Amino acid sequence: MYILKLFSTFLKVNLQQDLAYRADAIVNMVMSVIGTGWDLLGLSIIFANTKEIGGWGPSELIALMGVWRLVNVMMATIVWPNTEKFNTGVRDGSLDYTFLQPVNSQLLISITRMVVWRVFDFAIAVALIIAGMTSGNVITSPPLVAAFLALTFSGAAIIYSLWITLISFTFWFTKFDNSVTIMAALMDAGRYPAQVYPYWLRALITFIIPIAVATTVPLQALRGELMGWQIIGFLVIGAAAVFLSSRVWKAGVRRYSGASS
Amino acid sequence: MFAIYKRLWLVNWAEQWQYRANLLMYLAFWLVSPIVYLAVWTTIANAQGSINGFTAPDFVAYYMMLLIVDIATSDITIHIFGYKIMDGSLSNELILPIHPVLMKVLVNNLAFKALQMMALAPIWLILYVLYQPVFAITVTHVLLAIPAIALGFMLQFFAGATITCIAFWTTRVWSISDFYSNIFRLLAGQFVPLALLPAFMQSASQVLPFRLALYFPVQLLLGKLSLEETLLDLGLQVVWCVILFVLFRLVWRAGLKKYAAVGA
Chain C
21 MYILKLFSTF
31 LKVNLQQDLA
41 YRADAIVNMV
51 MSVIGTGWDL
61 LGLSIIFANT
71 KEIGGWGPSE
81 LIALMGVWRL
91 VNVMMATIVW
101 PNTEKFNTGV
111 RDGSLDYTFL
121 QPVNSQLLIS
131 ITRMVVWRVF
141 DFAIAVALII
151 AGMTSGNVIT
161 SPPLVAAFLA
171 LTFSGAAIIY
181 SLWITLISFT
191 FWFTKFDNSV
201 TIMAALMDAG
211 RYPAQVYPYW
221 LRALITFIIP
231 IAVATTVPLQ
241 ALRGELMGWQ
251 IIGFLVIGAA
261 AVFLSSRVWK
271 AGVRRYSGAS
281 S
Chain Y
137 MFAIYKRLWL
147 VNWAEQWQYR
157 ANLLMYLAFW
167 LVSPIVYLAV
177 WTTIANAQGS
187 INGFTAPDFV
197 AYYMMLLIVD
207 IATSDITIHI
217 FGYKIMDGSL
227 SNELILPIHP
237 VLMKVLVNNL
247 AFKALQMMAL
257 APIWLILYVL
267 YQPVFAITVT
277 HVLLAIPAIA
287 LGFMLQFFAG
297 ATITCIAFWT
307 TRVWSISDFY
317 SNIFRLLAGQ
327 FVPLALLPAF
337 MQSASQVLPF
347 RLALYFPVQL
357 LLGKLSLEET
367 LLDLGLQVVW
377 CVILFVLFRL
387 VWRAGLKKYA
397 AVGA
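Those protein sequences? They're chains C and Y, same order as listed.
With the first letter of the first sequence counted as 1, position 148 gets the number 168 in our numbering; the numbers rise by one all the way through.
With the first letter of the second sequence counted as 1, position 58 gets the number 194 in our numbering; the numbers rise by one all the way through.
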């Protein structure tokens with residue numbers, strides 16, 4: 021209950037901060053719409069030259085784009101802004117004040133900064149998913165949709181856990197703050213079904229930086245390509261990632277000695 | 137003048153080496169999307185035999201060449217200079233008797249590029265072994281490509297510097313820079329060889345300068361252009377460089393006035 025209260029407080033603070041830059045937020049929203057149109061144009065160029073790619077049709081790629089954008093919304097709303105704040109905190113010691121709070125520190129460093137207007141991008145992503153699922157020949161049934169939603173959620177949780185793990189490593193290796201950059205660079209690989217890629221890239225985005233698990237896998241579930249045990253397997257991996265990353269974070273925090281004092 | 141550039145280069149080169157681990161991370165930004173698009177288009181080409189005459193080996197050669205040219209002509213002004221306008225640290229640089237953008241940022245760009253190229257070399261060789269591209273490259277093409285790449289970079293540098301100057305008026309410039317890179321992706325040939333774009337976009341890409349910074353040098357190095365076409369595009373590059381340079385000077389001057397008013 022108090023987590024919700026904390027969350028809504030941070031939401032309020034961040035909303036106030038964002039409202040100071042109203043023009044900026046509006047420009048960003050306009051750019052989001054144009055960006056979406058531009059991405060769809062890219063897809064239409066692909067499908068002007070082919071009927072399917074790796075067995076996936078246009079409507080499935082639109083849904084995939086929606087899921088990919090959903091992950092991107094999470095990154096842009098909390099991951100990137102808080103990484104910035106975290107790195108500054110480690111460098112100048114202001115992270116001390118975070119640990120002094122009587123609140124779970126992982127929660128605190130995850131939601132201190134939130135780019136609230138990104139809710140708009142979230143809506144675009146959901147619209148793309150719905151458009152992709154209802155148009156064309158995507159075969160769906162309620163259980164498949166449920167599996168899709170569960171895997172989308174757990175995929176996002178895996179990416180979040182990877183982020184927590186990477187920034188926790190900063191406590192051991194001070195010069196590790198740019199490892200998060202590699203996540204940003206690899207995000208682009210989530211735009212298309214992983215089956216298209218050569219095996220080494222597929223392995224990289226499945227096992228090392230699991231963007232495919234957050235984008236391709238939910239769509240595979242929606243297409244009915246996954247067995248029940250595979251779906252459960254991915255959900256278990258998601259839960260394990262969340263658990264392990266919070267342990268890594270706690271171990272890292274114990275090593276923290278502060279830069280200011 | 138030359139001595140200043142030389143000194144700046146030495147300082148920047150040493151600075152870049154200090155951050156070599158970060159450089160490798162940044163290199164991933166240039167590597168991932170060409171490899172992704174290469175995979176997408178070769179998959180389609182393999183399934184159909186060819187797309188409008190483009191076979192899978194054509195795409196491989198195209199994107200392998202693009203990997204090099206993209207780094208060579210790209211510009212990072214917004215990343216190394218944008219925040220200085222936003223947080224006011226530009227003030228310190230304005231006191232120096234050198235131009236903050238035309239000297240300092242330019243050399244910083246080049247030092248970053250040189251190190252990126254060194255990091256790219258081994259990765260590119262691995263990709264070469266994996267993909268086995270076939271190039272029909274001649275000495276003439278390489279010699280013509282040197283000015284084409286240099287002008288392509290200058291073109292992007294002036295464009296990037298002008299866009300960064302928008303920060304004098306708006307507090308943040310990232311969305312505008314995103315917008316620019318979105319356009320660049322489709323109209324400069326990062327996403328697909330321009331010959332495969334729909335007709336209206338092809339004609340747009342012909343008129344606009346974006347293709348001169350990337351697609352033109354790539355096509356030149358792939359031996360797809362006649363001497364006349366090459367000389368015409370080199371001339372166009374010079375014209376656009378002059379236009380964007382003048383534009384940058386105007387925006388810079390107007391921006392500084394605005395900056396002085398706010399930063400004082």
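We put the beta carbon where it would ideally sit given N, CA and C, even for glycine.
Fair warning: this is a prediction, and the values are worked out from it, not measured in the lab.
Residue i by DSSP, collapsed to three states: which one?
| i | result |
| --- | --- |
| Y:Trp305 | coil |
| C:Phe193 | coil |
| Y:Phe327 | coil |
| Y:Ile102 | Past the edges of chain Y, shown from 137 to 400, lies residue 102 of chain Y, and the structure says nothing about it. |
| C:Ile73 | strand |
| C:Gln121 | coil |
| Y:Tyr162 | helix |
| C:Ala40 | coil |
| Y:Gln422 | Nothing about residue 422 of chain Y can be reported from this structure: the residues present for chain Y run from 137 to 400 only. |
| C:Glu245 | coil |
| C:Arg133 | coil |
| Y:Tyr199 | helix |
| Y:Asp194 | helix |
| C:Leu84 | helix |
| Y:Ile273 | coil |
| Y:Asp211 | coil |
| Y:Gly359 | coil |
| Y:Gly224 | coil |
| C:Met153 | helix |
Let me make sure I understand the geometry here. Which of the options has the alpha-carbon closest to that of residue i?
| i | options | result |
| --- | --- | --- |
| C:Arg267 | C:Ser181, C:Phe119, C:Ile46, C:Thr56 | C:Ser181 |
| C:Phe193 | C:Tyr41, C:Val273, C:Ile131, C:Phe254 | C:Val273 |
| C:Leu171 | C:Phe254, C:Glu245, C:Pro218, C:Ser130 | C:Phe254 |
| Y:Leu348 | Y:Ile204, Y:Ala197, Y:Val375, Y:Ile187 | Y:Val375 |
| Y:Leu202 | Y:Pro233, Y:Pro236, Y:Met253 | Y:Met253 |
| Y:Glu151 | Y:Ala340, Y:Trp260, Y:Val243 | Y:Val243 |
| C:Met247 | C:Leu31, C:Phe168, C:Phe30 | C:Phe168 |
| Y:Trp388 | Y:Leu251, Y:Phe248, Y:Phe336, Y:His235 | Y:His235 |
| Y:Leu167 | Y:Asn245, Y:Thr178, Y:Ile207 | Y:Ile207 |
| C:Phe227 | C:Ile252, C:Ile179, C:Leu264 | C:Ile179 |
| Y:Leu392 | Y:Pro283, Y:Gly296, Y:Leu230, Y:Phe352 | Y:Leu230 |
| Y:Ile312 | Y:His215, Y:Ala175, Y:Leu266 | Y:His215 |
| C:Phe106 | C:Gly152, C:Ala259, C:Gly86, C:Ser125 | C:Ser125 |
| C:Pro218 | Y:Arg156, Y:Leu146, Y:Leu174, Y:Ala331 | Y:Leu174 |
| C:Gly175 | C:Thr103, C:Glu72, C:Ala259 | C:Ala259 |
| C:Ser265 | C:Ile187, C:Leu128, C:Gly109, C:Phe142 | C:Ile187 |
Quick one: which chain C residues come within Cβ less than 7 Å of residue i?
| i | result |
| --- | --- |
| Y:Phe165 | Ala205 |
| Y:Thr179 | Ile73, Gly74, Val216 |
| Y:Asn318 | Gly55, Trp58 |
| Y:Phe346 | In chain order: nothing, as chain C lies at least about 14 Å away. |
| Y:Gln342 | Those do not exist, as Y:Gln342 stays about 16 Å from chain C at its closest Cβ, beyond 7 Å. |
Nearest-angstrom Cα distance between residue i and residue j?
| i | j | result |
| --- | --- | --- |
| C:Met49 | C:Val135 | 12 Å |
| Y:Gln338 | Y:Ala183 | 25 Å |
| C:Gly244 | C:Pro162 | 11 Å |
| C:Pro101 | C:Asn34 | 11 Å |
| Y:Thr366 | Y:Phe346 | 16 Å |
| Y:Thr213 | Y:Phe293 | 7 Å |
| Y:Phe217 | Y:Asn148 | 14 Å |
| C:Ile65 | Y:Phe195 | 15 Å |
| Y:Leu246 | Y:Phe138 | 15 Å |
| Y:Met200 | Y:Pro283 | 20 Å |
| Y:Ala400 | C:Ala43 | Note on Y:Ala400: pLDDT 41, under 50, position unreliable in the model; no value is reported. |
| Y:Ala197 | C:Tyr41 | 46 Å |
| Y:Leu380 | Y:Ile299 | 11 Å |
| Y:Ile302 | C:Ile46 | 17 Å |
| C:Thr201 | Y:Leu159 | 10 Å |
What does residue i touch in chain Y if you count any residue whose Cβ is under 7 Å from its own?
| i | result |
| --- | --- |
| C:Asn48 | Ser311 |
| C:Gly109 | Ordered by position in chain Y, no residue passes the 7 Å Cβ test against C:Gly109, which lies about 18 Å from the chain. |
| C:Met94 | Here the premise fails: no neighbours, minimum Cβ distance about 18 Å. |
Going along chain C in order, which residues have a C-beta closer than 8 Å to the C-beta of residue i?
| i | result |
| --- | --- |
| Y:Tyr169 | Just to set this straight, residue 169 of chain Y is Ser in the shown sequence, not Tyr. Result: Asp208. |
| Y:Ala255 | Neighbours of Y:Ala255 on chain C: none; closest Cβ ~13 Å, over 8 Å. |
| Y:Ile187 | Asn69, Thr70 |
| Y:Phe315 | Met51, Ile54, Gly55 |
Would you mind telling me which residues of chain Y sit closer than 9 Å to residue i, beta carbon to beta carbon, in chain order?
| i | result |
| --- | --- |
| C:Ile65 | Leu322, Phe327, Val328, Leu332, Leu333, Pro334, Met337 |
| C:Thr201 | Asn158, Met161, Tyr162, Ala164, Phe165 |
Note down, in chain order, every chain Y residue with its Cβ under 8 Å from the Cβ of residue i.
| i | result |
| --- | --- |
| C:Tyr212 | Val172, Ala175, Val176 |
Who are the neighbours of residue i on chain D, taking C-beta pairs under 7 Å?
| i | result |
| --- | --- |
| Y:Gln184 | Looking for chain D here will not work: the only protein chains present are C and Y. |
request  = Take every Cβ of the stretch 156-170 of chain Y, pair it with every Cβ of the stretch 47-63 of chain C, and state whether three or more of those distances are shorter than 8 Å.
outcome  = Contact between the stretch 156-170 of chain Y and the stretch 47-63 of chain C is absent, because fewer than three Cβ pairs lie under 8 Å.
request  = Flag this pair as touching only if the stretch 145-155 of chain C and the stretch 104-123 of chain C have three or more C-beta atom pairs under 8 Å; answer yes or no.
outcome  = Short answer: they don't touch.
query = With contact counted as at least three CB pairs below 8 Å, one residue from each stretch, are the stretch 205-214 of chain C and the stretch 231-248 of chain C in contact?
reply = A contact exists between the stretch 205-214 of chain C and the stretch 231-248 of chain C.
At least 3 beta-carbon pairs within less than 8 Å: the stretch 321-329 of chain Y vs the stretch 259-278 of chain Y = With a cut-off of 8 Å, the stretch 259-278 of chain Y and the stretch 321-329 of chain Y do not count as touching, because too few Cβ pairs lie within range.
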